[in-house]
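Residue numbers (the UniProt record's numbering): 1 to 338.
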């Protein structure tokens, strides 16, 4: 079995203690056949030929290998004769504040990660470097006592890191929605900016739901397959906690979906209210302007009237214009029409 063209990392533990890492590629199957050994292999940017050779060496199902390198595969956990295949979407949340005028810039990115779970180890397959596998390894190192329980401990650390990434992304979108709410009721905010922010958040939330919602079924399937493999009961509490986190992330995501819809509808309602306010103001000013027009038009008729041709007549007309205009202004102001 030749060295893969993509990057590779590996480790082997024995009785929960690290024995060796970064060993030659051709020794993978040898360690997997040894009692008491726990093996992890990570392939990044592996192509079809790499996985085909690995599948032949480790007796992996060809359909699972095809799913690992395929595009647009959905998150799932499938049990095969010799292994369980898991594919999930990890989410990276960016804290970088993008310009509000750029609705096409997303604040989250997703990376598909797959895993082949075997009786004595797992093989992870990553597409790109966005998924930080070092964080997963760190979780395994922080809980060395769990590793003696076999591949179930490795799977738990892997899925737990993915779910925590979902939580970070949901928290980021929640903060963005709160910022939207503050902007929404700001009298100085621009309607176009609010619309762009709302569109961006809704799009990110749609992408996030595609990663978060399937995790419930994935963890359920992993739990069922663990029972089929007689996995140690000592890991049950850890998986129950993981499943609880998945449910919380799912419920949180669904609630954010309702909040974004509410913000969108509220923004439309506020635009209608502002339009009505503008129309009231325009109508009020038109009424105020109409009075001087009517009075000057009346006194401009070519017929004698009280004060016609005299200075006090002009003064009386001016006073009438100002008095009536002020009366209308005060009246409309009290009604909040101006």
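Glycine included, C-beta positions come from ideal geometry on N, C-alpha and C.
Predicted, not measured: the structure shown is a model, and the values here were computed from it.
Answer with buried or exposed for residue i, where buried requires no fewer than 16 other C-beta atoms within 10 angstroms of its C-beta.
i, result
"residue 46", "buried"
"residue 193", "exposed"
"residue 176", "buried"
"residue 279", "exposed"
"residue 81", "exposed"
"residue 83", "buried"
"residue 318", "exposed"
"residue 289", "exposed"
"residue 165", "buried"
"residue 267", "buried"
"residue 117", "buried"
"residue 13", "buried"
"residue 197", "buried"
"residue 371", "A question about residue 371 goes unanswered here, because the residues of the chain that appear run from 1 up to 338."
"residue 71", "exposed"
"residue 140", "buried"
"residue 99", "Bear in mind that the predicted position of residue 99 carries a pLDDT of just 42, short of 50, making it unreliable; the figure below should be weighed with that in mind. It counts as exposed."
"residue 107", "buried"
"residue 35", "exposed"
So what does DSSP say about residue i, is it helix, strand or coil?
i, result
"residue 100", "At residue 100, the pLDDT of 46 sits below 50, so the modelled position is not reliable; the number obtained from the coordinates is stated separately. Coil, per DSSP."
"residue 92", "strand"
"residue 78", "strand"
"residue 310", "coil"
"residue 14", "strand"
"residue 23", "coil"
"residue 38", "strand"
"residue 276", "helix"
"residue 120", "coil"
"residue 57", "helix"
"residue 72", "coil"
"residue 318", "helix"
"residue 150", "coil"
"residue 131", "coil"
"residue 67", "helix"
"residue 174", "helix"
"residue 145", "helix"
"residue 341", "Outside the shown range of the chain, which is 1 to 338, sits residue 341, and nothing can be said about it."
Could you please give me the residues that DSSP links to residue i through a beta bridge?
i, result
"residue 114", "87, 125"
"residue 7", "44"
"residue 109", "92"
Could you check which residue in the options has the C-alpha nearest to that of residue i?
i, options, result
"residue 115", "318, 54, 144, 108", "54"
"residue 86", "8, 214, 28, 57", "214"
"residue 22", "30, 15, 29, 11", "11"
"residue 68", "137, 172, 235, 111", "111"
"residue 91", "77, 117, 70, 113", "113"
"residue 18", "126, 144, 72", "144"
"residue 201", "263, 63, 323", "263"
"residue 74", "88, 62, 106", "88"
"residue 65", "37, 125, 16, 28", "125"
"residue 156", "211, 220, 178, 197", "220"
"residue 212", "245, 15, 153, 331", "245"
"residue 33", "260, 50, 121, 199", "121"
"residue 320", "296, 109, 93, 60", "296"
"residue 253", "163, 329, 237", "163"
"residue 248", "79, 168, 260, 179", "168"
"residue 241", "159, 314, 274", "159"
"residue 258", "174, 332, 315, 210", "174"
"residue 153", "16, 293, 334", "16"
For chain D, check one thing: does any of its Cβ atoms lie closer than 7 Å to the Cβ of residue i?
i, result
"residue 51", "Within the model displayed, chain D is absent; a lone protein chain is all it includes."
Is residue i near the ligand ADP, judged by its Cβ being under 6 Å from some heavy atom?
i, result
"residue 283", "Looking at this structure, you won't find the ligand ADP or any other ligand, since it has none at all."
Notebook entry, point to check: Could you give the uninterrupted runs of the beta strand (DSSP E) lying entirely in the segment 202-268, keeping only those of 3 residues or more?
Noted result: none
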